[in-house]
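Everything below concerns the one structure shown next.
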Amino acid sequence: MKPLMKKELLLSMHPTAPLFLLLSSMLLIPNYPYYIVFFYTGLAVFFTCLSGRENHDVFYTLMLPVAKKDIVKARYAFVILLEAAQMIAAVPFAVIRQHMPLPGNQVGMDANIALFGFAFAMLGLFNSVFFSIYYRDVNEVGKAFVWSSTAVFLFITAAEACAHIVPFVRDRLDTADPRYLSEKLAVLGIGFVIGAALTWLAFRKSVRSFERLDL
Amino acid sequence: MDILEVRNLCKRYPAFELKNVSFSLEEGKITGFIGRNGAGKTTTLKSIFNFVHPDGGEIRFFGKSFSENELDIKQKVGFLSGGVDYYPKKMLKTITSITKSFYREWDEKAYEEYMKMWDLDEEKTPSQLSAGMRVKYALALALSHRAKLLILDEPTSGLDPVSRDELLDVLMELCGRGVTVLFSTHITSDLDKCADNILYIKGGRILAESDIRSFVSGYQVLEFHDALPAGALGQKLIGCRRSKNGYTALIRAEDARRMNAGAAGGDADLETIMIHIEKEGEK
Chain A
1 MKPLMKKELL LSMHPTAPLF LLLSSMLLIP NYPYYIVFFY TGLAVFFTCL SGRENHDVFY
61 TLMLPVAKKD IVKARYAFVI LLEAAQMIAA VPFAVIRQHM PLPGNQVGMD ANIALFGFAF
121 AMLGLFNSVF FSIYYRDVNE VGKAFVWSST AVFLFITAAE ACAHIVPFVR DRLDTADPRY
181 LSEKLAVLGI GFVIGAALTW LAFRKSVRSF ERLDL
Chain B
216 MDILEVRNLC KRYPAFELKN VSFSLEEGKI TGFIGRNGAG KTTTLKSIFN FVHPDGGEIR
276 FFGKSFSENE LDIKQKVGFL SGGVDYYPKK MLKTITSITK SFYREWDEKA YEEYMKMWDL
336 DEEKTPSQLS AGMRVKYALA LALSHRAKLL ILDEPTSGLD PVSRDELLDV LMELCGRGVT
396 VLFSTHITSD LDKCADNILY IKGGRILAES DIRSFVSGYQ VLEFHDALPA GALGQKLIGC
456 RRSKNGYTAL IRAEDARRMN AGAAGGDADL ETIMIHIEKE GEK
């Protein structure tokens, strides 16, 4: 796995992927749909798979003495690493936003602990839809991205609507930290579990699809 | 022991089918894999490596089943689809540093020697190399992990005659060192120069597996200035076609001898044989 991860980071990764981590700073925008910040990781994954198609990444990797399952595992590990880096990079900006002398986010969810819980679930949804399509045919990167980004934008619309109209979300989750900390920590934990479960199920499905794929 | 043994390889697509493809490769020989575009060369090579999943058949490398020993076998095999066409904007040194980390028997000294011998600059990217240099770089990578078998899919396509000739020299030199080569091409003149054996695929079926001398000497080409002959001789002709001075046709050497038709004919080369056989198939 170590050489494959090295390959993912030095050959396969699109140069914009690390730059998108800087977009975590968009949490400092006073009023903004903050879920979009986490969506940029999905864009980086799309660019990486797209440039992989143009650079014959899959064919190069298949010629190496590695198992097909490990090729999928390395790609997932890379994506999880990227998503984790985005989450970690976002934390200090969320803290700064909380301490800015401004009211909370008027567009939707505040940059608080619950937002991160919802973001974990959102990234799990992205991984699930994107990779389920991508590993059925690695040339159909565009199709995978259209469907996964559609799913993510529906998620964002629903989540931001809830922040305005669902009393529990509006009054308890969409508030400054550390108010209602236990509820927010529960959302963080549940979001993480949902995100991890969706990614794990997608991984298993991707391995099966990639094994069957004719290149 | 055969270096590669393929038995009854089958793969069915809606518009094309590989039908019971069987052949084997002898150690230290160059085998030319010929056939016109779409005959099934690339599908056969991809099926051998399970890049496409065969519907049936058995593949054995070095006496071992591919499906059960894939990773060990790939350590000893180099598969080149043309030249290096991956990561065209990455420097060769980056590609090399990643590639070598996958191979147990990577020989850094051999790699440096090949790079020097073929004037390959590690600071360049594949997009800055000529087509011939990209093939040489791919060969340098394969040989540096001590590949015992090289499978080359159309390595000379797009190369100028001088680069092709240089590459053929390299392949012959490698065979002298015991490396086995399977070389798919439709440029048959390359094989006239370097191949020991020939494997001819037509319409997804192996038409001939032979050493190149017996294959070529098994045919003669006949020229007719006025009209094509009728009768028994006419029936034995293969792939009659118009030429500048009339007509040409292929005939099996034994038929030519039996019918005393040799006077009208001459030796055939691979290209002539292939053109006439493919012409016959169009009827």
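So the sequences go chain by chain: A and B.
The numbering of the first sequence is my numbering, which starts it at 1 and goes up by one.
The numbering of the second sequence is my numbering, which starts it at 216 and goes up by one.
Just so you know, even glycine gets a beta-carbon here, dropped at the ideal spot from N, CA and C.
Please read all numbers here as calculations on a predicted model, not as lab measurements.
Residue i burial status per 10 Å Cβ neighbour count (16 or more: buried)
i, result
"Met-1 of chain A", "exposed"
"Glu-320 of chain B", "exposed"
"Asn-112 of chain A", "buried"
"Lys-308 of chain B", "exposed"
"Leu-382 of chain B", "buried"
"Leu-358 of chain B", "buried"
"Leu-173 of chain A", "buried"
"Ala-84 of chain A", "exposed"
"Gly-391 of chain B", "exposed"
"Ile-88 of chain A", "exposed"
"Glu-160 of chain A", "buried"
"Lys-351 of chain B", "buried"
"Thr-16 of chain A", "exposed"
"Thr-395 of chain B", "buried"
Rounded straight-line distance, which links the Cα of residue j to that of residue i
i, j, result
"Phe-203 of chain A", "Gly-393 of chain B", "43 Å"
"Gly-449 of chain B", "Leu-443 of chain B", "7 Å"
"Arg-97 of chain A", "Lys-305 of chain B", "39 Å"
"Tyr-228 of chain B", "Lys-261 of chain B", "14 Å"
"Ile-29 of chain A", "Met-109 of chain A", "13 Å"
"His-440 of chain B", "Gly-461 of chain B", "4 Å"
"Ser-182 of chain A", "Tyr-76 of chain A", "31 Å"
"Val-152 of chain A", "Met-63 of chain A", "34 Å"
"Leu-11 of chain A", "Arg-420 of chain B", "39 Å"
"Ser-345 of chain B", "Pro-376 of chain B", "13 Å"
"His-360 of chain B", "Glu-327 of chain B", "12 Å"
"Arg-379 of chain B", "Ser-399 of chain B", "14 Å"
"Arg-170 of chain A", "Phe-118 of chain A", "14 Å"
"His-99 of chain A", "Asn-31 of chain A", "14 Å"
"Lys-494 of chain B", "Ile-416 of chain B", "14 Å"
"Thr-150 of chain A", "Ser-280 of chain B", "45 Å"
"Phe-78 of chain A", "Lys-6 of chain A", "10 Å"
"Thr-311 of chain B", "Met-330 of chain B", "11 Å"
"Ala-163 of chain A", "Asp-214 of chain A", "45 Å"
"Asn-223 of chain B", "His-268 of chain B", "14 Å"
"Ala-464 of chain B", "Asp-368 of chain B", "30 Å"
"Asn-235 of chain B", "Glu-424 of chain B", "14 Å"
"Val-187 of chain A", "Leu-43 of chain A", "25 Å"
"Glu-273 of chain B", "Leu-233 of chain B", "14 Å"
Under the three-state DSSP convention, the category residue i falls into
i, result
"Ser-399 of chain B", "strand"
"Tyr-434 of chain B", "strand"
"Asp-57 of chain A", "helix"
"Asn-223 of chain B", "strand"
"Glu-232 of chain B", "strand"
"Asp-407 of chain B", "helix"
"Asp-482 of chain B", "strand"
"Gly-253 of chain B", "coil"
"Leu-64 of chain A", "coil"
"Glu-369 of chain B", "coil"
"Arg-379 of chain B", "helix"
"Leu-422 of chain B", "strand"
"Gly-272 of chain B", "strand"
"Lys-279 of chain B", "strand"
"Ile-29 of chain A", "coil"
"Ile-113 of chain A", "helix"
"Thr-175 of chain A", "coil"
"Val-267 of chain B", "coil"
"Tyr-352 of chain B", "helix"
"Ser-206 of chain A", "helix"
Interface residues of chain B facing residue i [CB-CB closer than 8 Å]
i, result
"Pro-3 of chain A", "Ile-313, Ser-316 and Phe-317"
"Leu-238 of chain A", "With chain A running from 1 to 215 in the structure shown, residue 238 of chain A is simply not present."
Proximal residues of chain B, C-beta to C-beta of residue i below 7 Å
i, result
"Leu-19 of chain A", "Correct list: empty, because the minimum Cβ distance to chain B is about 17 Å."
"Asp-214 of chain A", "Val-267 and His-268"
"Lys-7 of chain A", "Ile-313"
Within chain A, the residues that residue i reaches when beta carbons sit closer than 7 Å
i, result
"Lys-305 of chain B", "Leu-11"
"Asp-300 of chain B", "His-56"
"Phe-294 of chain B", "Met-63"
Under 8 Å by beta carbon: chain A residues contacting residue i
i, result
"Thr-309 of chain B", "Leu-10 and Leu-11"
Chain B contact residues for residue i, given Cβ-Cβ distances below 9 Å
i, result
"Lys-205 of chain A", "Within 9 Å Cβ-Cβ: nothing; Lys-205 of chain A doesn't reach chain B, min ~18 Å."
Within chain A, the residues that residue i reaches when beta carbons sit closer than 9 Å
i, result
"Lys-261 of chain B", "Asp-214 and Leu-215"
Would you list, in chain order, the members of the region 124 to 137 of chain A that have their beta-carbon closer than 7 Å to a beta-carbon of chain B? Under the 7 Å Cβ criterion, the region 124 to 137 of chain A contributes no residue.
Using a Cβ-Cβ cutoff of 8 Å, what residues of the region 42 to 73 of chain A are near chain B? List them in chain order. Listed by position, the residues of the region 42 to 73 of chain A near chain B (Cβ gap below 8 Å) are Asn-55, His-56, Asp-57, Phe-59, Tyr-60, Leu-62, Met-63, Leu-64, Pro-65, Val-66 and Ala-67.
Residues of the region 78 to 90 of chain A with Cβ closer than 7 Å to any Cβ of chain B, in chain order: Going along the region 78 to 90 of chain A in chain order, one finds no residue with a Cβ nearer than 7 Å to chain B.
Taking beta-carbon pairs under 9 Å, can you tell me which members of the region 271 to 286 of chain B lie near chain A? The residues in question are Glu-285 and Leu-286.
Pull out every residue of the region 334 to 349 of chain B whose Cβ sits closer than 9 Å to any Cβ of chain A, in chain order. Flagged: no residues at all.
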